Amino acid sequence: MTHFKVYREDRWPHMFCPGCGIGTTMSCFQRAFVNQGIDLDKTAFVSGIGCSSRVSGYVYADSLHTTHGRGLAYATGLKLANRDLDVFVFTGDGDLGAIGGNHFIQACRRNMDLFVICVNNNNFGMTGGQASSTTLHGYTTSTTPGGNPEYPFDLARLAAAAGANYVARYTSAHPKQLIRVMEEGMNRKGFRFIEAWVACPVYFGRYNKLKTPVEHLEWLKENSVHIEQMKADGRTSEDDIDLHVAGKITVGVIRDAERKSYIESIEGDD
Amino acid sequence: MMGEELFLQGNRAVVEGALYAGCNFYAGYPICPSTEILEIMSTRMPETGGTLIQMEDELSSIAAVIGASWGGAKSMTATSGPGFSLMQENIGYAVITETPCVIVDVQRGGPSTGQPTLPAHGDIMQARWGTHGSHSIIALAPSNIKECYELTVEAFNLSEQFRTPVIILSDGELAHMRERIEITDMPIVNREQFPEGKVSFPVDPNEEGVSPFPTFGRGHRTHVTGLSHTIVGYPSEDTEVQGKLIDRIIGKIENNKDTICKYEIINPDAKHLLVAYGIPARSAKDVVLNREDFGLFRPLTVWPFPSKAFIRATEDVKSVLVVEMNEGQLFREVERHACRAGVENVGLCSKLDGEMPTPQDILESHADMEVDQ
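Sequence lines, in order, name chains H and L. FYI, in our numbering the residues of the first sequence are 94 to 363. FYI, in our numbering the residues of the second sequence are 81 to 453.
As structure tokens, this is what we get:
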């Protein structure tokens, strides 16, 4: 099984709920990783706390499952201490966008040499479906029973604005595209950020009339629009993910830049 | 560098001690009165082939330090009161994942922003219990610039030997005063490495309760988690697994106190025993040098408290007086051991305003105890 080229067979089956999009994201990742022929012995995985942060425990490589929101800071120290390691970070919207928001924008600003996959399920899944910083305006969660009065972060735009070299977003309804951008990101330097919107039928879906995995996936697919189409339609970046306003999630490669990475900067040009 | 004489500020002595011990990674955030450590490291780290990064806060500084340790580095951060508060959660992560690293807390007046440039010892109990959960910790308290240097070397050695975070409790006074010190040779301890390649787990802990360290990037494919974990490193909710894990990580410190604890005793036969550490110990020493009826017990290792040596030192004493720049944080630890040893008169000389207690303050506190002179 190709899965167990990358994942720990002795920890299977994984803990994720039926219909959860983390499994899809893991599958996409292992395909991209295997396609790129990266050496697991020269790779380390770091994560924080939350459903998606549990991925580090299933990867058959050195892996550091850390504290809530701080994965990027741990990964920064690890990468700088051993620059031969390819360091991948698995995180979620709560871990990265809420409690770890500052580390996220600062690591993007430094253009730190990390590859980050954020599994965005629009809520805190591990604790049972509370509103996160990416819960859409007006949507229901266990802590916003009357609808979310706040507006969501656009994590991909935030990463791009903060200076990350490579930023792409797709959903778990776009596995082929996710594999493609993951592979492309693996061939870039500096901070690489892949945001994957995923189905969470058990929590986010349950509260928002997306109770089955199929309904949730269809919702993701129907509400996504490619960035080139957005441009052609004359929409602005402010419309990107605010379903309440624009009704669509922009997908595609949001930024592909060649700024020097942090390590290139401290090691000089030679 | 042996035999070399240097005239150093306390914060610089910490840096030089760290470099002597092999520190090659530093992450930090500016905060008074620890900032010089970050500034001096900014020059010294590149000079010595190490890496320095100024992080966005103290949460990320300690996180980067722990991450770097898993990358094989000897790593350190320094901070003061408010920053030390922010570091507590990740210090707990270093405890449960048994990650060697050194944290310097240059104490200042608190609570909150308090007195950013004045000394205090208000973090003694925070060093012991600041992070949540059952655990043990090693914390060292220098009293002079030579000890700022030497206890930093010692902190790295202990962290490597016992795979645990070690805290140095400096303060705003020590940080900025200067003394001449002579550099002497000290042994350097490096963590025991995991056997090469993909060995089959578990690798049993040694007689001290410490397992070899599976540094990342060497093909061990280790999983490390802050969750309660089996000897293989996998998360577990098994109560027996948790019990054994916590027993061992507490035991590796508490059962090795004879190796870990350092202390100084002056005038062991005196009637009255002063207990002091850090900068106030200098005033206590002045009392002892001028009064034959006073002795001094000075723990250099504050945590774990050198209780056996202290109890021996209380034999035939009439009173124990603890001198502290807080409301009596180590006092309670001293008092319970003194009571066990049968000493009834245990007093406290406490200074809370940012001024050092003077020898006169100590003698006045002693007089207030109304013990039989």
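The beta-carbon is built from N, C-alpha and C at its ideal position, and this holds for glycine as well. In this text the structure is predicted, and so the values were computed from the model without any measurement.
Item	Value
Between which two residues does the beta strand (DSSP E) containing Leu132/L stretch?	131-134
For Met94/H, is the classification buried or exposed, using 16 other Cβ atoms within 10 angstroms of its Cβ as the cut-off for buried?	Model confidence at Met94/H stands at a pLDDT of 48, short of 50, so the residue's coordinates are unreliable and nothing is read from them.
Give me the subset of the segment 174-205 of chain H whose CB atoms are less than 7 Å from a CB atom of chain L, sorted by chain position.	Ala174, Asn175, Asp177, Leu178, Asn195, His196, Gln199
Can you give me the start and stop residues for the beta strand (DSSP E) that Glu234/L sits inside?	Note, Glu234/L: premise wrong, no beta strand (DSSP E); alpha helix (DSSP H) at 225-242.
How about Ala154/H: is its C-beta nearer than 8 Å to some C-beta of chain L?	yes
How many angstroms separate the CA atom of Ser225/H from the CA atom of Asn214/H?	9 Å
CB-CB under 6 Å to Ile111/L, same chain, minus the five flanking residues each way: which ones, in chain order?	Thr159, Ser160, Gly163
Please determine, among Thr117/H, Asn216/H, Tyr151/H, the residue with the shortest C-alpha to C-alpha distance to Val99/H.	Tyr151/H
So, with DSSP's three-state summary, where would you put Thr339/L?	helix
Val94/L by DSSP, collapsed to three states: which one?	helix
Identify whether Asp203/L lies in helix, strand or coil by the three-state DSSP scheme.	coil
Output the distance between the C-alpha atoms of Gly141/H and Arg163/H, rounded to the nearest integer angstrom.	6 Å
Grouping DSSP H, G and I as helix and E and B as strand, with all else coil, what is Ile247/L?	strand
Which of the residues in the segment 147-171 of chain H, read from start to end, lie with their CB under 7 Å from any CB of chain L?	Gly150, Tyr153, Ala154, Asp155, Ser156, Leu157, His158, Thr159, Thr160, Arg163, Ala166, Tyr167, Ala168, Thr169, Gly170, Leu171
Got a sec: which bits of the segment 99-129 of chain L sit with their beta carbon under 9 Å from any beta carbon on chain H, in order along the chain?	Asn104, Phe105, Ala107, Pro126
With DSSP run on the structure shown, which of helix, strand or coil describes Arg208/L?	helix
Which word fits Gly240/H, buried or exposed, when buried means at least 16 other C-beta atoms lie within 10 angstroms of its C-beta?	exposed
Considering only the beta carbon of each residue, do Leu283/H and Asp206/H sit closer than 8 Å?	Note that residue 283/H is Gly in the sequence shown here, rather than Leu. Against a cut-off of 8 Å, the Cβ pair of Asp206/H and Gly283/H comes out as a contact.
Sorted by chain position, which residues of the same chain lie with C-beta nearer than 8 Å to Val321/L's C-beta, five sequence neighbours on each side aside?	Ser308, His309, Thr310
How do the segment 138-145 of chain L and the segment 166-175 of chain L stand: do at least 3 beta-carbon pairs fall below 8 Å, yes or no?	yes
Who are the Cβ neighbours of Ile272/H in its own chain at under 7 Å, not counting the five residues just before and after it?	Cys121, Arg124, Ala125
Would the segment 186-195 of chain L count as touching the segment 183-199 of chain H if we require 3 or more Cβ pairs under 8 Å?	no
Is it a yes or a no for the segment 98-108 of chain L touching the segment 125-141 of chain L, going by three-plus beta-carbon pairs under 8 Å?	yes
Listed in chain order, which residues of the segment 288-306 of chain H have Cβ atoms closer than 9 Å to some Cβ of chain L?	none
Cβ closer than 7 Å: which chain L residues qualify as neighbours of Arg104/H?	Tyr314
Listing by chain order, which chain L residues have their CB less than 8 Å from the CB of Lys135/H?	Gly297
What's the C-alpha gap between Thr234/H and Ala137/H?	34 Å
From which residue to which residue does the beta strand (DSSP E) around Pro379/L run?	374-379
Taking Glu169/L as the query, report the chain H residues whose CB atoms sit under 9 Å from its CB, ordered along the chain.	Thr160, His161, Arg163
For chain H, find out if any of its Cβ atoms is closer than 8 Å to the Cβ of Glu136/L; answer yes or no.	yes
Report the neighbours of Ile263/L on chain H: residues whose CB is nearer than 9 Å to its CB, in chain order.	Going along chain H, no residue has its Cβ under 9 Å from Ile263/L, so there is no contact; the nearest lies around 27 Å.
Considering only residues of the segment 261-337 of chain H, which uninterrupted beta strand (DSSP E) runs meet the minimum length of 3 residues and lie entirely inside it, listed in chain order?	285-290, 317-319
Listed from N- to C-terminal order along the chain, which residues in the segment 302-331 of chain L have their beta-carbon within a distance smaller than 8 Å of any beta-carbon of chain H?	Thr302, His303, Val304, Thr305, Gly306, Leu307, Tyr314, Pro315
Any idea which residues DSSP pairs Asp155/H with across the strands?	Ala137/H
With respect to the alpha helix (DSSP H) encompassing Leu198/L, which residues constitute its N-terminal and C-terminal limits?	Where Leu198/L is concerned, there is no enclosing alpha helix (DSSP H), given that its DSSP letter is neither H nor E.
Entirely within the segment 100-145 of chain L and at least 4 residues each: give me those alpha helix (DSSP H) ranges in chain order.	115-127
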